[in-house]
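Quick notes on the structure that follows.
There are 2 protein chains.
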Amino acid sequence: MSQSVRRAVDLIRRAAEHPLSLTEAAEVLGVHKSTALRILQTLESARFVRRTGAGTYVLGSGIIELSELALGSMDLRQFAAAPLRTLQRKTGHTVHLAQLTGDEIIYIDKVDSPAFDAVKLPSRIGRAVSIYASAVGKTILAYLPTAERDRLLSHVVFERFTPTTCADRESLDAELVRIREQGWAVDNGEHDTYVMCVAAPIRDSRGRVIAAASMTAIEVIASLDQLKESLPLLLDTAIQISGELGYDTSEGD
Amino acid sequence: MSQSVRRAVDLIRRAAEHPLSLTEAAEVLGVHKSTALRILQTLESARFVRRTGAGTYVLGSGIIELSELALGSMDLRQFAAAPLRTLQRKTGHTVHLAQLTGDEIIYIDKVDSPAFDAVKLPSRIGRAVSIYASAVGKTILAYLPTAERDRLLSHVVFERFTPTTCADRESLDAELVRIREQGWAVDNGEHDTYVMCVAAPIRDSRGRVIAAASMTAIEVIASLDQLKESLPLLLDTAIQISGELGYDTSEGD
DNA sequence: ACCGCCCGTTGCATCATACGCAACGGGTTG
DNA sequence: CAACCCGTTGCGTATGATGCAACGGGCGGT
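So the sequences go chain by chain: A and B. Going by full-length UniProt numbering, the first sequence opens with residue 1, and the numbers climb by one from there. Going by full-length UniProt numbering, the second sequence opens with residue 1, and the numbers climb by one from there.
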């Protein structure tokens with residue numbers, strides 16, 4: 001493991017959170033200012049951070065460009081973009097797309113509802129979701145081959161975030177059976193008490209579930225029942241996206 | 001300057017472009033495989049790269065998350081998102097938002113036209129634009145205070161990309177006078193012969209032009225004259241966004 | 001089935017780089 | 001005007017980054 005690289009990563013993260021002075025950078029790393037300065041100078045020349053007029057460091061456009069390069073090359077995200085925007089427009093709810101990526105399930109797109117301007121959802125593109133305490137996580141888990149599901153869950157330390165969390169393997173397994181039976185999943189405040197969500201599976205050309213689409217509401221805006229009223233649209237959207245990926249949707253669900 | 005950090009940056013960039021094996025990583029850096037491995041292991045633990053099942057390294061979701069954090073905290077981009085989507089829907093053209101950031105003008109949002117699925121535009125969020133050979137670049141330059149414009153242009157080596165490029169300071173200055181007179185700018189294939197663009201200035205609460213919005217077409221889809229037919233909508237959108245930023249739009253243009 | 005080759009990986013000794021220190025100039029505040 | 005703090009740079013040194021050798025595993029050819 002490289003200590004210098006870890007320090008650089010730490011500074012990039014902090015510069016993304018809020019503007020960072022040299023003195024602060026040295027303090028948080030626990031190194032001399034000259035050491036922090038050289039790391040920042042290297043990151044600045046790479047456009048991973050930018051020096052502001054006030055002398056502080058913020059995230060640079062080089063990171064944004066790399067991110068857009070990666071997101072732009074994701075076929076799933078490209079195919080899903082228009083159907084998800086349509087779903088958001090028709091239902092009024094915030095819409096997410098999450099994908100299994102290695103050992104994590106990551107949000108790769110999000111179409112915000114204007115109704116949420118005042119209350120920000122915690123979800124963010126690039127961020128991993130809880131695989132057992134989110135609708136998209138449970139959806140993808142439900143359809144994974146048993147060995148792969150076991151492997152993902154072997155790293156998990158179950159935590160009861162709220163009273164409705166499936167906080168052990170048995171209750172989660174029962175929930176996954178339900179999800180497979182009905183073809184969709186619900187998050188009834190399992191990670192955050194005020195956030196409700198429904199999700200539907202997205203399949204690739206071989207029929208494997210590799211992603212999920214979801215609609216999210218918070219309790220002051222819409223109840224779970226109101227969210228479920230739009231479930232048929234969500235399911236149609238997920239099937240449409242699956243079709244774009246080459247899944248033969250005539251086989252039935 | 002930190003050599004290890006520069007190597008890490010290089011690997012992150014390459015992993016974003018295409019999957020990278022350890023052997024390739026060592027070769028492109030000119031170091032031993034054990035050295036490259038340790039850098040990659042550090043980046044992987046930070047989620048800046050991800051190891052695929054095939055053993056290659058690709059860009060990690062940690063970078064995507066940082067990028068979204070930065071983009072999500074840009075007020076201009078938040079205020080502009082809905083008006084730009086409306087503009088794209090009404091006109092059918094691809095729409096961009098570019099902002100002066102330090103010494104560069106960077107695309108910070110882009111709403112694609114479905115018509116472009118087959119032909120990809122070179123523009124990308126996070127990427128710097130040519131400040132003298134793009135409509136958004138010329139728009140922002142036109143309204144900068146002279147000292148700041150001179151400072152930005154002092155770093156520029158003019159290059160004639162196409163027959164229509166303003167490839168020297170005199171012809172650029174004349175063009176900037178025209179832009180200030182008419183209140184908008186045109187790119188008639190100045191950077192890429194097949195790309196046309198019109199742009200309008202966006203002002204902050206103090207009336208300074210800090211960004212520009214644009215509509216883009218390529219010659220097989222729409223001519224520059226067809227693009228100009230939507231100019232009133234573009235100007236209205238730019239004024240609307242300026243208003244959201246606190247600019248008093250009743251002062252006249 | 002076996003062998004050779006290449007890949008990724010790790011422990012360890014070595015050396016080159018990252019590090020901290022001292023000194024500096026500049027800006028801000030009292 | 002003085003004191004303080006910031007950012008910065010040159011340089012000697014200590015340490016962390018480095019390469020090497022050895023290893024196990026997978027793959028392809030015979």
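Glycine included, each C-beta is placed from N, C-alpha and C at the ideal position. Quantities reported herein were computed from a predicted structural model and do not represent experimental measurements.
Nearest candidate by alpha-carbon position, reference residue 156 of chain B, set B:172, B:23, B:89:
As a first step, residue 156 of chain B must be located in the second sequence, where it is residue number 156. The shortest Cα separation from residue 156 of chain B among B:172, B:23, B:89 belongs to B:172.
Counting only C-beta atoms, is residue 253 of chain B closer than 9 Å to chain A at any point?
Position 253 of the second sequence, counted from the start, is the residue given in the question as residue 253 of chain B. At residue 253 of chain B the pLDDT is 46, less than 50, meaning the model places this residue with poor confidence; the figure from the coordinates comes in the next sentence. Closer than 9 Å: no.
I think residue 217 of chain B touches residue 199 of chain B, with their Cβ atoms under 8 Å apart; what is that distance to the nearest whole Å?
The residue given as residue 217 of chain B occupies position 217 in the second sequence. The residue given as residue 199 of chain B occupies position 199 in the second sequence. Actually they do not touch by this definition, with Cβ atoms about 13 Å apart.
With 9 Å as the threshold, decide whether the Cβ of residue 84 of chain B is near any Cβ in chain A.
What you label residue 84 of chain B is simply residue 84 of the second sequence in a count that begins at 1. No, residue 84 of chain B lies away from the interface with chain A (no Cβ there is under 9 Å from its Cβ).
Take residue 10 of chain A as the anchor and find which of B:63, B:36, B:28 has the nearest alpha-carbon.
On the first sequence, residue 10 of chain A is found 10 positions in, with the first residue counted as 1. The shortest C-alpha separation from residue 10 of chain A is found at B:63.
Would a C-beta distance cut-off of 9 Å place residue 105 of chain B and residue 136 of chain B closer than the cut-off?
Along the second sequence, one-based indexing puts residue 105 of chain B at 105. Along the second sequence, one-based indexing puts residue 136 of chain B at 136. Closer than 9 Å, so yes.
Please report how far the alpha carbon of residue 93 of chain B lies from the alpha carbon of residue 112 of chain B, in whole angstroms.
One-based indexing of the second sequence puts residue 93 of chain B at position 93. One-based indexing of the second sequence puts residue 112 of chain B at position 112. Using only the alpha carbons, I get a separation of about 8 Å.
Cutting at 6 Å between CB atoms, please list the residues of its own chain near residue 240 of chain B, excluding the five before and the five after it.
Along the second sequence, one-based indexing puts residue 240 of chain B at 240. Closer than 6 Å at the Cβ level, and outside the excluded window around residue 240 of chain B, lie 83.
Bridge partners of residue 201 of chain A, per DSSP?
Taking the first sequence and counting its residues from 1, the one referred to as residue 201 of chain A is at position 201. Residue 201 of chain A pairs with A:212.
For residue 5 of chain B and residue 27 of chain B, what's the separation of their Cα atoms in angstroms?
Position 5 of the second sequence, counting from 1, holds the residue named residue 5 of chain B. Position 27 of the second sequence, counting from 1, holds the residue named residue 27 of chain B. Approximately 17 Å between the Cα atoms of the pair.
Return yes when the Cβ of residue 133 of chain A is within less than 9 Å of the Cβ of residue 219 of chain A, no when it is not.
For the purposes of this step, residue 219 of chain A is identified with residue 219 of the first sequence, where counting begins at 1. For the purposes of this step, residue 133 of chain A is identified with residue 133 of the first sequence, where counting begins at 1. No, the Cβ-Cβ distance between residue 219 of chain A and residue 133 of chain A is not below 9 Å.
Spell out the partners DSSP gives residue 240 of chain A in its beta bridges.
For this step, residue 240 of chain A is matched to residue 240 along the first sequence. DSSP output for residue 240 of chain A lists no bridge partner at all.
Beta-carbon gap between residue 164 of chain B and residue 209 of chain B smaller than 9 Å:
Here residue 164 of chain B corresponds to residue number 164 of the second sequence, with the count starting at 1. Here residue 209 of chain B corresponds to residue number 209 of the second sequence, with the count starting at 1. Against a cut-off of 9 Å, the Cβ pair of residue 209 of chain B and residue 164 of chain B comes out as no contact.
Beta-ladder partner(s) of residue 50 of chain B, from DSSP
Counting from one through the second sequence, the residue named residue 50 of chain B turns up at place 50. Answer is B:58.
Taking its Cβ as the centre, do 16 or more other Cβ atoms sit within 10 Å of residue 32 of chain A, making it buried, or is it exposed?
Stepping through the first sequence from its first residue, residue 32 of chain A is reached at position 32. So residue 32 of chain A counts as exposed.
Residue environment, residue 147 of chain A, which counts as buried when at least 16 other CB atoms sit within 10 Å
If you number the first sequence from 1, residue 147 of chain A lands on position 147. Answer is exposed; the Cβ neighbour count stays below 16.
Those runs of the beta strand (DSSP E) which lie wholly inside the region 165-193 of chain A and span at least 3 residues:
185-188
Nearest by alpha-carbon distance to residue 257 of chain B: which of B:154, B:78, B:193 is it?
Residue coverage of chain B in this structure runs from 1 to 253, which leaves residue 257 of chain B outside it and unanswerable.
Going by the beta-carbon positions, is the gap between residue 201 of chain B and residue 142 of chain B smaller than 9 Å?
Start at 1 with the first residue of the second sequence, and residue 201 of chain B comes out as number 201. Start at 1 with the first residue of the second sequence, and residue 142 of chain B comes out as number 142. In this structure, residue 142 of chain B lies closer than 9 Å to residue 201 of chain B by Cβ.
Please name the residue or residues paired with residue 96 of chain A in a DSSP beta bridge.
Taking the first residue of the first sequence as position 1, residue 96 of chain A is located at position 96. For residue 96 of chain A, which the question treats as bridged, DSSP gives the partners A:110, A:214.
Collapsed DSSP secondary structure at residue 159 of chain A in the structure displayed:
Position 159 of the first sequence, counting from 1, holds the residue named residue 159 of chain A. The answer is coil: DSSP assigns residue 159 of chain A none of H, G, I, E or B.
Report yes or no: is there a C-beta of chain A within less than 9 Å of the C-beta of residue 104 of chain B?
The residue given as residue 104 of chain B occupies position 104 in the second sequence. Yes, residue 104 of chain B counts as interfacial toward chain A.
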